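A.B. asks:
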Amino acid sequence: MSVFSVKIDRNNIVIMNNSPKKVLLRLVMVDYEVTTLTYDQERVPKVIHDEVTINKELKENEKIEVKATIENIKKVSIIFKDLESEVTLREDHEI
């Protein structure tokens, strides 16, 4: 079972803690898919990355919204700390 659920609401990424435990949300990394032009004027897909530092505790069923830079979100990675076991973990969500 995933600790978090991730939804896209307009230009916001909504992250909800599904765990019964309190967690420390440290960092959200977002991958966006864009189209770029090569030197030959050929269109090619490319993935760009963005990071948002949060450092906020989330209780069970508590959510937080992170503003998306652009709409074409490909993946959201969440770095968090389990406050009971004091372990830092990563959870990836493909959109």
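The sequence shown finishes on residue 199 if you use the numbering used here, and the numbering steps up by one all the way, no holes.
Ideal Cβ placement from N, Cα and C applies to all residues, glycine included.
In this text, all values refer to a predicted model and were calculated from it rather than measured experimentally.
1. May I ask you to report which of helix, strand or coil DSSP gives ASN115?
2. Could you tell me the alpha carbon to alpha carbon distance between PRO124 and ILE152, rounded to whole angstroms?
3. Can you check the region 143-196 for any beta strand (DSSP E) of at least 3 residues that lies completely inside it and give the ranges in chain order?
4. In or out: VAL127 buried (at least 16 other Cβ within 10 Å) or exposed?
5. Shorter than 6 Å, the distance from the beta carbon of ASP113 to the closest heavy atom of the ligand ADP, or not?
6. Can you confirm whether the region 107-125 touches the region 136-149 when touching is taken to mean that 3 or more C-beta pairs between the two stretches lie within less than 8 Å?
7. By the three-class DSSP mapping on this structure, what secondary structure does VAL134 have?
C.D. replies: Concretely, from the data shown:
1. On the sequence shown, position 11 is the one that residue 115 refers to. Reduced to three states, the DSSP call for ASN115 is coil.
2. By one-based count along the sequence shown, residue 124 stands at place 20. By one-based count along the sequence shown, residue 152 stands at place 48. Using only the alpha carbons, I get a separation of about 33 Å.
3. Counting whole runs of 3 or more residues, the region 143-196 contains the beta strand (DSSP E) stretches 147-162, 167-171, 177-186.
4. The residue labelled residue 127 in the question sits at position 23 within the sequence shown. By the neighbour-count rule (16 or more Cβ atoms within 10 Å), VAL127 is buried.
5. With respect to small molecules bound, the structure shown includes none, and the ligand ADP cannot be examined in it.
6. No, because fewer than three Cβ pairs between the region 136-149 and the region 107-125 fall closer than 8 Å, the two stretches do not touch.
7. Working through the sequence shown from its first residue, we reach residue 134 at position 30. Judged by DSSP in its simplified three-state form, VAL134 adopts strand.
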